[in-house]
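Since the structure comes first, as structure tokens, the remarks are kept for the end.
Residue numbers (our numbering): 426 to 655.
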């Protein structure tokens, strides 16, 4: 029970932080709960796609561990996990009348990401029965997923704004960016941690502290520059 609580708390804290920054027409909690659950459900298709791609890459890139790790992190884990989140995000919110401010896109994407992160976190923590794993994932994995959501949501909100101006090129470009940027950041995040090389992991952990602070500042700027979508 204690481990489960430890696995869930980071997600609640991060959701509260992002939701609290939304000053214009707070999103209904019913929609937030729906997005959280959809994010949790996205773990299943993501895991299936990851497993398939992992097996393909293991046989294709067996000659080089680094090439395999790059393929695994960017084109299996990042591609599948962010793809699952993006699919459910767009399915549940793109046509929603509640999606009427650009910052809503950030709130939605982060909520879906945290649904994914919390379920993944519970699975890892309960399978290892380790307080150390619970703490490390609370500091790295859950905030990581939230940050991927921030960048996905940023472009997602811009895409919706572009559509309101009948700018289909801008809409499509930013929808692509919403997915691609999240995949890239996620892949880079996992690659640096999974190398297991001290010369990469230590600088990355230092960078992650800076990136977390930078993302929080970006969140506040996005909230302050929130624009109504007609």
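For every residue, glycine included, the Cβ atom is placed at its ideal position computed from N, Cα and C.
Keep in mind it's a predicted model, so treat the numbers as computed, not measured.
State whether the segment 483-500 contacts the segment 516-535, with contact taken as three or more CB pairs (one from each stretch) at a distance under 8 Å. no
What does the Cβ neighbour count give for residue 577, buried or exposed, with the cut at 16 atoms within 10 Å? Taking the first residue of the chain shown as position 1, residue 577 is located at position 152. In summary, residue 577 is buried, with 16 or more beta-carbon neighbours lying within 10 Å of its beta-carbon over all protein chains present.
Using a C-beta cutoff of 8 Å, does residue 536 count as contacting chain D? Structure shown: chain D not included; a single protein chain is present.
So what does DSSP say about residue 653, is it helix, strand or coil? Residue 653 sits at position 228 when you count from the first residue of the chain shown. The answer is strand: DSSP assigns residue 653 an E or B state.
Tell me which same chain residues have a C-beta within less than 7 Å of the C-beta of residue 595, skipping the five on either side of it? Taking the first residue of the chain shown as position 1, residue 595 is located at position 170. Excluding residues within five positions, the ones whose Cβ falls inside 7 Å are 587.
Residue 590 (DSSP reduced to helix, strand or coil): As a working mapping, residue 590 is identified with position 165 in the chain shown. If DSSP states are grouped into helix, strand and coil, residue 590 belongs with coil.
Would residue 432 pass as a contact of residue 475 if the rule is Cβ separation under 8 Å? Taking the chain shown and counting its residues from 1, the one referred to as residue 432 is at position 7. Taking the chain shown and counting its residues from 1, the one referred to as residue 475 is at position 50. No. Outside cutoff.
Could you tell me whether the segment 562-580 touches the segment 600-615, where touching means 3 or more Cβ pairs closer than 8 Å? These segments touch.
What distance in whole Å lies between the Cβ atoms of residue 542 and residue 550, which are believed to be in contact at a cut-off of 8 Å? As a first step, residue 550 is located in the chain shown; it is residue number 125 there, counting from the start. As a first step, residue 542 is located in the chain shown; it is residue number 117 there, counting from the start. About 12 Å separates the two Cβ atoms, so there is no contact after all.
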